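Under my numbering, the first residue of the sequence shown is numbered 1247, with each subsequent residue one higher. Accompanying notes for the structure given below.
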Amino acid sequence: MEPRPLKFIFHFGAGKTGTTSIQQTLKLQQDKLREHGFWYLGLMLEYVAQKKYDWQEPTTVNDAFHALPAEVAEQQLLDVLKPALEQARASGIHTLIWSNESFFNRNAPALNALKKLRDPDLDVILLAYVRRHDAWARSAYIQWGIKHKTYPGPIQPFREWAKRNTPRFGDCLKAVADSSAGRLILRNLDAVGDTLGDFISLCGMQQIGLSPRRANESPDGVEIYLRFLLNNQVKEKVLPAFYDRLVGRFANAAVGPGEHLASLLPVDDDLEQLQARCADDRAKLDELLAQNNQPGIDIGSMKNGKGSQLDTDVLLGRLAQLAVVQATKIEHLAREVERLSGQLEAMKGSVTAPESGKSS
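Shown next as structure tokens:
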């Protein structure tokens, strides 16, 4: 019986379809994967045996790599992937997995490299997940419009943010399908429901017993509101960690929290307008999904997400917790200031002033 071809799965997105949960599940259980013949290469091929380039770091959006000229990026990928494939064959690995959603719309060097690596003994799978445009936009707005403010100035409401961030999937996926770099497997998140479970099944990892690791789950209305209050007073771009470190420095909350939240998040009319702008892209996507035996994108009324409602009791409880935390920190700082002041006074007392010289 001939050995089966080595399988290389390039999971390239799209973002906001459960990619981080997939990556965390694979990252934290690499030993178990290797025991069963799977090798997770990481976000930027950082888990190959020997690192060759500085860009091989666990980052999703790797500016150092994406700034390289296309020919250089392609060659460097070949320099990394060729030895990895050789090592996989020599060590009994049957499936390699590379996952990074930042390659969804800038993947030409990766596709060209994979095209050059293809042979009868290597099965290259180009795996992507998509979802309805309005659901993607709403989730992306909470992530990059509020939680991680990727633009300067005050927080923009969804209707303004979405005008500059209308999702486009069709052309990118058509280019991948036509690239000859591998066979495209396209999945509809809204149909499969659980991206992580579907990914595990597609990769043939059902029997391994992986423990699912969920990440980047949608925040509730209270957290969205608190992040808005903090990030809205910062003129620059704001990373999510800023909220985690500095919660408590809030803007003027003269408007009620429920009213504020409603003014930010999309209403039905906003989502319908976005659907209309995405009609051409949806048609392209439906054609590709049909080729993959997946149902088309649903355009029915979308249920409100978890962040649409704000429980004022939960908000009050969370604010009380924050007040206690801040009071504890202030008390600690006060004791530290008192201790340092005492040390300073002691140092002053120990200094002897030099005697003044006598005048002649």
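Just so it is clear, CB atoms sit at the ideal spot from N, CA and C, and this is done for glycine as well. Here the structure is a predicted model, which means the values were calculated and not measured.
Residue i versus the options, residue with shortest Cα-Cα distance
{"i": "H1506", "options": "F1254, F1404, T1412 and D1440", "result": "F1404"}
{"i": "G1516", "options": "S1385, E1406 and P1315", "result": "Correcting the residue type first, residue 1516 is Asp in the shown sequence and not Gly. Checking every option, the nearest Cα to that of D1516 belongs to E1406."}
{"i": "M1290", "options": "L1430, E1347 and Q1389", "result": "E1347"}
{"i": "L1324", "options": "A1334, R1335 and A1359", "result": "A1359"}
{"i": "G1546", "options": "G1259, D1380, D1365 and I1339", "result": "D1380"}
{"i": "K1273", "options": "G1288, L1442 and V1326", "result": "G1288"}
{"i": "R1433", "options": "E1292, G1264 and M1548", "result": "G1264"}
{"i": "C1449", "options": "I1268, K1262, G1261 and V1468", "result": "I1268"}
{"i": "L1339", "options": "A1356, G1467, F1349 and D1277", "result": "Note that residue 1339 is Ile in the sequence shown, not Leu. Of the listed residues, the one whose Cα sits closest to I1339 is D1277."}
{"i": "T1306", "options": "S1345, L1586 and Q1555", "result": "S1345"}
{"i": "F1608", "options": "R1364, L1372 and K1328", "result": "With the chain covering 1247 to 1606 only, the question about residue 1608 has no answer from this structure."}
{"i": "V1513", "options": "H1394, M1548, G1542 and P1413", "result": "M1548"}
{"i": "N1538", "options": "A1437, A1573 and A1592", "result": "A1437"}
{"i": "D1557", "options": "G1504, L1535 and K1253", "result": "G1504"}
{"i": "A1330", "options": "N1351, W1285, E1584 and K1362", "result": "W1285"}
{"i": "V1370", "options": "K1420, A1356, H1312 and F1254", "result": "F1254"}
Residues bridged to residue i (per DSSP)
{"i": "R1377", "result": "The partner list for R1377 (beta bridge, DSSP) is empty, contrary to what the question assumes."}
{"i": "T1345", "result": "Contrary to the premise, residue 1345 reads as Ser rather than Thr in this sequence. In the DSSP output, where bridge partners are listed per residue, S1345 has H1257."}
{"i": "I1371", "result": "I1255 and R1429"}
{"i": "K1395", "result": "V1484"}
Delimiting residues of the beta strand (DSSP E) encompassing residue i
{"i": "L1531", "result": "That residue, L1531, is in no beta strand (DSSP E); its alpha helix (DSSP H) goes A1525 to Q1537."}
{"i": "N1434", "result": "R1429 to N1434"}
{"i": "K1253", "result": "L1252 to H1257"}
{"i": "F1284", "result": "F1284 to G1288"}
Continuous alpha helix (DSSP H) stretch holding residue i: start and end
{"i": "N1358", "result": "A1354 to L1363"}
{"i": "N1477", "result": "G1467 to N1477"}
{"i": "F1350", "result": "Looking at the DSSP string, F1350 is not in any alpha helix (DSSP H), and its letter there is neither H nor E."}
{"i": "R1460", "result": "Where R1460 is concerned, there is no enclosing alpha helix (DSSP H), given that its DSSP letter is neither H nor E."}
{"i": "Q1402", "result": "It is not in any alpha helix (DSSP H) - Q1402 carries neither H nor E in the DSSP assignment."}
{"i": "C1418", "result": "G1416 to A1423"}
{"i": "T1266", "result": "T1265 to K1273"}
{"i": "P1503", "result": "P1503 to L1510"}
{"i": "S1447", "result": "T1441 to L1448"}
{"i": "L1279", "result": "Q1276 to E1281"}
Residue i beta carbon near the ligand MG (any heavy atom closer than 7 Å)
{"i": "K1297", "result": "As presented, the structure is devoid of all ligands, the ligand MG included, so that no description of it is given."}
- Query: Does the segment 1562–1581 come close enough to the segment 1448–1463 to have 3 or more Cβ pairs within less than 8 Å?
  - Reply: No: the two stretches stay apart, fewer than three of their Cβ pairs being nearer than 8 Å.
Can you find at least 3 beta carbon pairs, one from the segment 1529–1548 and one from the segment 1369–1384, that sit closer than 8 Å?
They touch, by the three-pair rule.
Discussion item. Below 8 Å, how does it come out for the segment 1263–1281 and the segment 1294–1303: are there three or more Cβ pairs, yes or no?
Written reply: Not touching, per the Cβ criterion.
Review point. Is it a yes or a no for the segment 1312–1319 touching the segment 1421–1438, going by three-plus beta-carbon pairs under 8 Å?
Key: Three or more beta-carbon pairs separated by less than 8 Å are not found between the segment 1312–1319 and the segment 1421–1438, which leaves the two stretches without contact.
Would you check if the segment 1438–1452 and the segment 1475–1495 touch, i.e. whether three or more CB-CB distances between them fall below 8 Å? Verdict: no, contact absent.
Next on the checklist: List, from N- to C-terminal side, the alpha helix (DSSP H) runs of 4 residues or more that fit wholly inside the segment 1309–1342.
Outcome noted: Listed in chain order, the complete alpha helix (DSSP H) runs (minimum 4 residues) inside the segment 1309–1342 are 1309–1312 and 1316–1337.
Three or more C-beta pairs below 8 Å linking the segment 1410–1421 and the segment 1383–1393 = With the cut-off at 8 Å, the segment 1410–1421 and the segment 1383–1393 touch.
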